[in-house]
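Student: This is the structure I have questions about; it appears just below.
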Amino acid sequence: MNKEIRTRFAPSPTGIMHIGNIRTALLNLLFTRQKSGTFVLRIEDTDPARMFDPGAKKIISDLKWLSLNFDEGPDIGGPYAPYFQSERMPIYNEKLKELQKLGGTYRCFCSEEELEKKRTRQIAMKKPPRYEKTCLHLSQKEIDQNLADGKSFIWRMNLDPSKSVTIKDLAKGMVKFELENFTDFPLTRKDGTFTFMFANFVDDMTMKISHVFRGEDHLSNTAGQAALFEAFNVPLPTFWHMPMICNTEGKKLSKRDFGFSLDDLKNTGFLPEAINNYLAIIGGSFVEEIMSQEDLIKTLNFEHVGSTNRVSYDVEKLKWINHKWIDRYPKEKLEKLCRPFLEKQYPAAKQISEERLSGIIQLIKSDLVVLSDIVKVLSFLFEKPTNINVKIAEQISEENLRTIKEIVNSNLNLLSAPHEFIEKLKITAKEKNIGLKNLFIFLRIALTGEPKGPGIAELVEILGETEAKSRIQS
Ligand code: GLU
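Going left to right, the sequence shown walks through residues 19 to 492 as the numbering used here numbers them.
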């Protein structure tokens with residue numbers, strides 16, 4: 019165990035785990051495991067407007083489902099508990115007092131209306147909107163008067179505009195921020211609660227986080243928080259501002275894009291290994307793309323991470339990886355996962371034993387891209403095909419059809435051994451000059467109503483001899 023390496027995943031309990039969150043958690047975890055460090059889960063629940071998952075139960079169960087296991091966190095505790103920000107108020111108060119002593123903060127009594135007016139004026143003058151340190155210049159007497167009048171206030175960070183801060187970023191290298199380009203951001207709200215900027219910083223500092231990997235969209239927050247680390251004279255963590263995930267049109271991924279939330283993916287039947295695998299390799303290039311968590315820990319190179327700002331989320335690629343992972347799963351496990359999809363659509367599936375269903379799945383698993391495909395692939399088992407004669411007539415000439423029917427009918431007695439049946443049909447068809455394609459289309463339509471699908475022998479096995487015979491004869 020490397021005590022120096024400490025990372026964290028710090029989601030807000032918004033009720034939605036989306037793929038951006040998952041990727042952040044995943045890369046933090048893979049890095050930490052590679053370096054034998056400690057991975058912390060911290061819940062940033064100080065904003066009531068983002069509080070939809072009390073106790074972070076959904077976050078915890080989603081992480082479990084993805085096998086992204088943390089070493090310290092809400093339900094398991096750890097040396098830096100508590101891991102809910104809402105329970106860490108005394109710590110933030112204490113650190114605010116320290117910052118006051120260091121001269122790093124001041125009270126701001128400006129009202130929202132005043133601030134809004136100034137902002138509008140600055141924008142009109144084509145200046146970047148920034149707090150102009152008005153309240154920094156209040157005399158002690160004015161401050162006392164405001165307090166005596168019961169005027170509400172917030173604490174602001176006192177940035178020194180003549181200074182700069184430099185951070186180390188895994189992708190960008192050393193990044194320097196001139197503080198004159200940043201505003202004296204709020205540390206508290208008027209109700210005395212703490213802002214994301216301050217609480218998130220205090221936690222990273224007090225939890226001794228050594229590496230902060232988060233989305234590129236946090237880069238300007240990092241500047242302010244780096245100034246906080248310096249104000250406390252504490253070494254900065256190493257950062258990695260990870261590229262934002264965009265849709266294939268290059269726009270930031272949103273709720274409207276399919277596969278944005280983990281629930282979308284789960285409900286369609288994507289496997290956790292496939293989701294992790296895809297999100298870990300997105301934007302990179304690897305000789306062998308199908309990798310388990312263990313493989314990823316061994317393979318990923320955090321010394322050389324790409325410096326692109328965006329990566330594109332390609333559901334088709336994710337599907338391809340899912341297909342590969344389905345292929346790796348044993349049939350018994352697939353049976354358990356596929357069954358709910360099937361039973362929801364076809365309650366009759368409840369009558370199929372575990373053994374029979376896993377046998378069936380073994381035969382058709384190469385046709386599954388996502389688990390919910392089971393419904394489409396096995397629909398023929400529950401719904402008798404209709405309009406067969408019309409469909410067959412569309413594909414096969416009358417003359418050929420007559421011969422095919424003869425060949426098939428004269429061999430129906432072989433149906434109990436489907437592979438022999440097919441072999442025999444093939445030989446006879448050749449003798450009679452019938453293309454195999456036509457022969458198989460005939461059988462497939464007779465058995466399922468569709469010209470494409472699983473192999474004929476598999477179909478016969480799945481339906482059973484009696485049902486297959488009756489469908490062919492009809
Ligand atoms: N709660 C923040 C978020 O979900 C955490 C950002 C960070 O990782 O520092 O965006």
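All residues carry an ideal CB built from backbone N, CA and C; glycine is no exception. Being a predicted model, the structure only gives us computed values, none of them experimental.
What does the Cβ neighbour count give for Q491, buried or exposed, with the cut at 16 atoms within 10 Å?
Tutor: Its Cβ having fewer than 16 others within 10 Å, Q491 is exposed.
Student: Could you say which of F219, E234, F127 and M260 lies nearest to K208 if we only look at CA atoms?
Tutor: F127
Student: Please name the residue or residues paired with R232 in a DSSP beta bridge.
Tutor: H259
Student: Going by DSSP in three states, R51 sits in which element: helix, strand or coil?
Tutor: In this structure, R51 counts as helix in the three-state DSSP scheme.
Student: Say yes only if the C-beta of G233 is nearer than 8 Å to one or more non-hydrogen atoms of the ligand HEM, and no if none qualify.
Tutor: As presented, the structure is devoid of the ligand HEM, carrying the ligand GLU as its sole ligands.
Student: Please name the residue in T484, G122 and F70 whose C-alpha comes closest to that of S434.
Tutor: T484
Student: Does K448 come out as helix, strand or coil in the three-state DSSP assignment?
Tutor: helix
Student: Does the segment 301 to 315 touch the segment 362 to 376, meaning 3 or more C-beta pairs lie closer than 8 Å?
Tutor: no
Student: Which residue's Cα is closest to the Cα of A244: D65, N176 and L477?
Tutor: Among D65, N176 and L477, the Cα nearest to that of A244 belongs to N176.
Student: Determine the DSSP secondary structure at L156, reduced to helix, strand or coil.
Tutor: When DSSP states are grouped into helix, strand and coil, L156 belongs to the coil group.
Student: Where DSSP assigns a beta bridge to M192, which residues make up the other side?
Tutor: K186
Student: Can you list, in chain order, the residues of its chain with a C-beta nearer than 8 Å to that of F304? Leave out the 5 residues immediately preceding and following it.
Tutor: Cβ neighbours of F304 beyond the five flanking positions: T317.
Student: I need the straight-line Cα distance from A464 to S397, nearest angstrom please.
Tutor: 14 Å
Student: Work out the CA separation of L59 and G96 for me, nearest whole Å.
Tutor: 10 Å
Student: Within a Cβ cutoff of 8 Å, which residues of the same chain sit near I414, ignoring the five residues on either side of it in sequence?
Tutor: I422, N456, I459 and F460
Student: Touch check for the segment 47 to 58 and the segment 69 to 89: three-plus C-beta pairs under 8 Å?
Tutor: Yes, they touch.
Student: For F276, which option in V333, E196 and G168 has the closest C-alpha, if you only look at C-alpha atoms?
Tutor: Nearest C-alpha to F276: V333.
Student: Could you tell me which whole alpha helix (DSSP H) segments of length 4 or greater appear in the segment 75 to 130?
Tutor: 75 to 83 and 107 to 119
Student: Let's see if you can read the secondary structure: which residues bound the alpha helix (DSSP H) around M223?
Tutor: F214 to T224
Student: Using three-state DSSP, classify I61 as helix, strand or coil.
Tutor: In this structure, I61 counts as strand in the three-state DSSP scheme.
Student: Would you decide whether E449 is buried or exposed? Buried here means 16 or more other CB atoms lie within 10 Å of its CB.
Tutor: exposed
Student: Any idea which residues DSSP pairs K270 with across the strands?
Tutor: C264
Student: Does the segment 165 to 179 touch the segment 229 to 239, meaning 3 or more C-beta pairs lie closer than 8 Å?
Tutor: no
Student: Ends of the beta strand (DSSP E) at N25?
Tutor: Reading off the sequence, residue 25 comes out as Thr, not Asn. T25 -> beta strand (DSSP E) spans R24 to F27.
Student: Starting from S238, trace the alpha helix (DSSP H) in both directions and tell me its first and last residue.
Tutor: L237 to A249
Student: Quick test of the definition: if touching needs 3 or more C-beta pairs under 8 Å, does the segment 186 to 198 touch the segment 321 to 336?
Tutor: With the cut-off at 8 Å, the segment 186 to 198 and the segment 321 to 336 touch.
Student: With a 10 Å radius around its C-beta and 16 neighbouring C-beta atoms as the bar for buried, classify S376 as buried or exposed.
Tutor: buried
Student: So does P29 have its beta carbon nearer than 8 Å to some heavy atom of the ligand GLU?
Tutor: yes
Student: Could you tell me whether any non-hydrogen atom of the ligand GLU is closer than 8 Å to the CB of R207?
Tutor: no
Student: Following the continuous beta strand (DSSP E) through R357, name the residue where it begins and the one where it ends.
Tutor: In this chain, R357 is not harboured by any beta strand (DSSP E); it is covered by the alpha helix (DSSP H) spanning K349 to Q363.
Student: Examine the ligand GLU and report whether any of its heavy atoms sits within less than 8 Å of the Cβ of R26.
Tutor: True, at least one ligand heavy atom lies under 8 Å from that Cβ.
Student: Whose C-alpha, out of K383, F400 and I339, is nearest the C-alpha of A366?
Tutor: F400
Student: Using DSSP with H/G/I as helix, E/B as strand and the rest coil, what is P204?
Tutor: strand
Student: Is the segment 151 to 166 touching the segment 111 to 128, taking contact as three or more C-beta pairs under 8 Å?
Tutor: Counting Cβ pairs under 8 Å, three or more are found: they touch.
Student: Mind reading off the beta-carbon distance from I37 to L297? Whole number of angstroms is fine, and I expect it under 8 Å.
Tutor: 6 Å
Student: So if DSSP puts H36 in a beta bridge, which residue, or which two residues, is it bridged to?
Tutor: S279
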